[in-house]
Structure formats: C-alpha cells, structure tokens
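J.: Before I ask anything, here is the structure I am working with.
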Amino acid sequence: MSLTVLDSSQRLTDVLQNEHRKVMYVQDSILSTCLQVISHDGLPTAKNEWYKYCPLAQLLRIPLTELRQEFKAPILDATALRSDLELHILNGILQIPNALPEGIAIYNFSDPLATPLNLNTNPSYLEALNIAYAHDAYQIHILPNAPENVRIHVRFAQEGQSSTWVNTRLQLHIASGKRIQCVEEFCSIQGAHAVLNYFSDYILHNNAELHHTIIQESGAQGYHIQHRNVILNEQANYQALTFVAGVSLGRFDHVLCFKGHSASGTLRGLSLVNPQECIDHHTRMQHEVAHTQSNQMYKSLVANKGTAVFNGVIHVLPHAQKTDAYQSSKNMLLGEDAQCFTKPQLEIFANDVKCSHGTSTGHMDPQALFYLQSRGIGKKEAQRLLQDAFALELIRQHDATEIADYLEHKLNSQWLQ
C-alpha cells in the first residue's frame, strides 16, 4: 500500500473518529479487527480486480467534515407510492414512528430484543468502516402475525451544508410464509457532497417472499457504496430491481445465498449513466444446496463519457445439484466515449446443473434508427423511442404496476425528456 493511499485514507478515518462513539452492538474482538483493517488496508484501488473500474479514490478528494446531528431532521416530502409503513433514514438515523402496524417490530441493534448480529469476522475495508463507524443500525422484523402483502417504503436522505460520509446498516427479517414488498429510495438534499456506505441484510425464512425495489437518484453530488446480502431458506423467493438514475459514483454489490431447497432469486438492474458518472454493479449468486434457481438481467444506457460496469458471478457448490442459473447483461452506448466493462463468471463445481450467461454491448442499432426515420419520425425522437423500448423491457417486468409506472415516470422525466 502506497503512502499516498494510506495518508489519504487516514484523512477519512480522522473525520470519522471525530464523531465516533462506541458501537454497542459490535463485539470488542470484531471491532478491534475492523480497526486493524482500516489502519492497514486503505480504500481499494484499481490494482484490486473487484474494483478495477470503480474509481473509489474520488471519495478521498471530497473535503469531508464532521457530521452534525444537532439540527432538527426535516420530514421528507410525501411519496407518490402507497405503503403500509414508511420509514425515513436521514444521515443514517432512523426516525422510528410512534406507532407501527401489527406484526412489525423495529429495533436498534443494541436493543436486547434485537436478533444477534452475525458480523463478518474477516471484513473488507469498506465493511470495516461500516462496522466501526456506523452512525446507527436497525432491524425490521416481519412477524408471523403480520398481515398479508405488507408494503414498506424506506427513504434514505443525506443533507447538510458541507460534505459528509455516512455509515449505516439495516437488516430485514421476514417470518415464514410472509410476502413483503419493500422499496428503498435514496436521495440527497441541499446539494452537498454525500457519501453513503450502506450495508444491509435480508433474511427470508421458509416460504417467505420479498419483492425488493431499489431506487437510486442522489444526483451529481452523490457517492454511494451499497452492499446487500440476502439469505434464502427453503422455498423462499427473492425478486429485486435496482433502478439507478443519478449518482456520481455508485458501487452496488448484491449477494444471494441459497441455503434452502427450492429457493429462487431474481436480480434485475437498470442504470442510466450520465456523463462523468460511474455505476458499478457486482453480483454473486451463491448456490449452496440442490434444486435452487437464479436469474439475472442487467441493462445500462450509457451517455457519452459515462462508465458502466457489470461483474456477475454464479457460484455452484459440489452438492448443489439441479441448480438452474442464468445471467444476462445488455448495454447501449450513446456516445463515442461511453464505456462499459462486463465480466460474467461461472464457478461451477457440480455436474448436474443448467447455467448460462450472455452479454452484449454496442451503440444504437442503425437499422432500427433508419426504419423509424423512414416512417417520418425525427432523429432525436427515434433515438428516444429506442432508448425507451430498451429500458421499459426491464421496468415492465416488475410485478407491481404502481411501482413500474413510478419508475417509468422517472425514466421519462430524468432521462428521456
């Protein structure tokens, strides 16, 4: 590790230490390990294969200041999406409602009623930062007596007159047989540089179902690192769509661990990459038992001088026979200097499986463009129609019409205007 990287990383930890308080839910041994990783490793650089195209060094050039929590946190504007429970997390702090729907419980991780947290004993640098310097961490429990088809909307926002780095963690437990629709929406307000280092865990018990939508629109001032880990027990089903419509630097890791027979999971992602932005998706499907199924479909619209990255791994253990796994990445480049880097990976150690992957990257189809123009459609409108069709194919696969309409509106208002 070079002195330059270590010195730059030290500036970051100096800021975080100024506001640090003892994280009560972390064992001292794990906290000690995290602090050692932070002091020794530094932010990953391009020499690290997993971060080869993700310029995390940008984070060290932001003039971070200590996060102040004395201000009265404003309530965010009402959303257009209906929900049974709406939660606001401002600068890493959850505003817990006074009353919760029946069958839903929320705990701070330090609460005696919280489920013990199994933290990684060999964390990466970014997870070590999250564990050691978390502003707070929360558990949401969907209990056996919860109503059917609970809708949860979690809205994350960062604000402040100066640039801040927020570490926060969320965990969602879903009881057996329960079906949940969860929307996580991320934004920045008041225009300051906002760095979010967010780790989350989703534990789906037998026959549980989670339909998960992640909406990222923090704009040019947003720098987001998000890592999601999903545990799927027997016959659990997880469906996710990640919609990225604005972030200066976004790194999104999504890991699905298939622990139970007949579990299934689907990851979809749509990235709208503006000039000078970098959006990096890394996925891992970890098939650990027999008779599990996974599907991935990621798409990117990449403007000139924008960068999109997709690295997807399908990992099948020796005893995970009858695994059925598919992965696809499609990317449309909208300028000569638009960039996309894809790396599909199959790591298969079982002999009775169906696993495949495919990827395609290129500019807009000139024949399709010519066809539309030959029908009297102007070039700009024809380009818009082709982009619209490319993106809507993914959005319209969402099983909730209301959310699909919400995302289509964002697509039209923020990208295709």
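Counting from 729, one number per residue, gives the positions in the sequence shown under our numbering. Quick reminder that beta carbons are idealized off the backbone N, C-alpha and C, glycines included. All values reported here derive from a predicted model rather than from experimental measurement.
#1: Once you ignore the five residues that flank Leu900 on each side, which residues in its own chain have a CB closer than 6 Å to its CB?
#2: Please state the DSSP three-state secondary structure of Cys1068.
#3: Using the Cβ count rule (16 or more neighbours within 10 Å means buried), how would you classify Arg1124?
#4: How long is the line joining the alpha carbons of Tyr951 and Leu924, rounded to whole angstroms?
#5: What separation, rounded to the nearest whole angstrom, lies between the Cα atoms of Glu937 and Ser1141?
#6: To test your reading of the DSSP string, which unbroken alpha helix (DSSP H) runs of 4 or more residues are found completely within the segment 966-998?
#7: Taking 8 Å as the cut-off, decide whether the C-beta atoms of His1126 and Leu932 are in contact.
#8: On the criterion of 16 or more Cβ atoms from any shown chain inside 10 Å, does Pro840 qualify as buried, or is it exposed?
#9: If you draw a straight line from the alpha carbon of Ser891 to that of Glu1136, how long is it in whole angstroms?
#10: Give me whichever residues DSSP pairs with Asn848 in a beta bridge.
#11: Could you check where the beta strand (DSSP E) with Val1030 kicks off and where it finishes?
#12: Are there three or more Cβ pairs, one per stretch, closer than 8 Å when the segment 838-856 is compared with the segment 811-830?
#13: Determine, using beta-carbon pairs with one atom in the segment 811-824 and one in the segment 841-851, whether at least three such pairs fall under 8 Å.
#14: Relative to the alpha-carbon of Ala860, which residue among Ala1119, Leu1074, Val765 has its alpha-carbon at the smallest distance?
#15: Gly1086 bridges to which residues according to DSSP?
#16: Select from Ile880, Cys915, Gln886 the residue whose C-alpha is nearest the C-alpha of Ile902.
#17: Rounded to the nearest angstrom, how far is the Cβ of Gly1034 from that of Val1001, given a contact under 8 Å?
#18: Keeping to the same chain, check which residues put their C-beta closer than 6 Å to that of Ile943; ignore five residues upstream and five downstream.
#19: Going by the CB atoms, is the gap between Tyr926 and Phe837 shorter than 8 Å?
#20: Ordered along the chain, which non-local residues of its own chain (more than five positions away) have a Cβ less than 6 Å from that of Gly997?
#21: Identify, in the order they occur along the chain, each residue of the same chain with its Cβ nearer than 6 Å to the Cβ of Trp1143, setting aside the five sequence neighbours on each side.
#22: Where does the unbroken alpha helix (DSSP H) through Cys762 begin, and where does it stop?
#23: Look up Val878 in the DSSP assignment and give the residues it is bridged to.
#24: I think Cys985 touches Gln1021, with their Cβ atoms under 8 Å apart; what is that distance to the nearest whole Å?
#25: Please go through the same chain and pick out, in chain order, the residues whose beta-carbon is closer than 6 Å to the beta-carbon of Asn877, but skip the five residues on each side of it.
#26: Give me whichever residues DSSP pairs with Leu815 in a beta bridge.
#27: Helix or strand or just coil, what does DSSP make of Thr941?
#28: Name, in chain order, the residues that DSSP records as bridge partners for Thr773.
#29: What are the boundary residues of the beta strand (DSSP E) that Asp864 is part of?
#30: Using CA atoms only, rank isn't needed, just tell me which of Ile917, Ser928, Trp893, Arg883 is closest to Val911.
#31: Can you check DSSP and say which residues form a bridge with Arg897?
#32: Under DSSP, the beta strand (DSSP E) around Leu1113 begins and ends at which residues?
#33: Using only the alpha-carbon positions, how far apart do Ala1036 and His982 sit?
#34: Would you kindly report the start and end of the unbroken beta strand (DSSP E) that includes His1137?
#35: Which residue from Arg979, Gly988, Ser946, Gly947 puts its Cα closest to that of Tyr966?
#36: Among the candidates Ser1056, Ser904, Val894, Asn858, whose CA atom is the shortest distance from the CA of Asn873?
T.: Taking the structure as given:
#1: Ile868, Tyr930
#2: strand
#3: exposed
#4: 6 Å
#5: 31 Å
#6: none
#7: no
#8: exposed
#9: 31 Å
#10: Its beta-bridge partners do not exist; DSSP assigns none.
#11: 1021-1030
#12: no
#13: no
#14: Val765
#15: Ser1056
#16: Ile880
#17: 4 Å
#18: Glu913, Phe971
#19: no
#20: Thr970, His1009, Tyr1026
#21: Leu1000
#22: 756-769
#23: Ile908
#24: Contact flag wrong, Cβ pair sits at about 14 Å.
#25: Arg907
#26: Val882
#27: strand
#28: Bridge partners of Thr773: none, in fact.
#29: 864-870
#30: Arg883
#31: Ala865, Phe927
#32: That residue, Leu1113, is in no beta strand (DSSP E); its alpha helix (DSSP H) goes 1107-1123.
#33: 16 Å
#34: It is not in any beta strand (DSSP E) - His1137 instead sits in the alpha helix (DSSP H) that spans 1129-1142.
#35: Gly988
#36: Ser904
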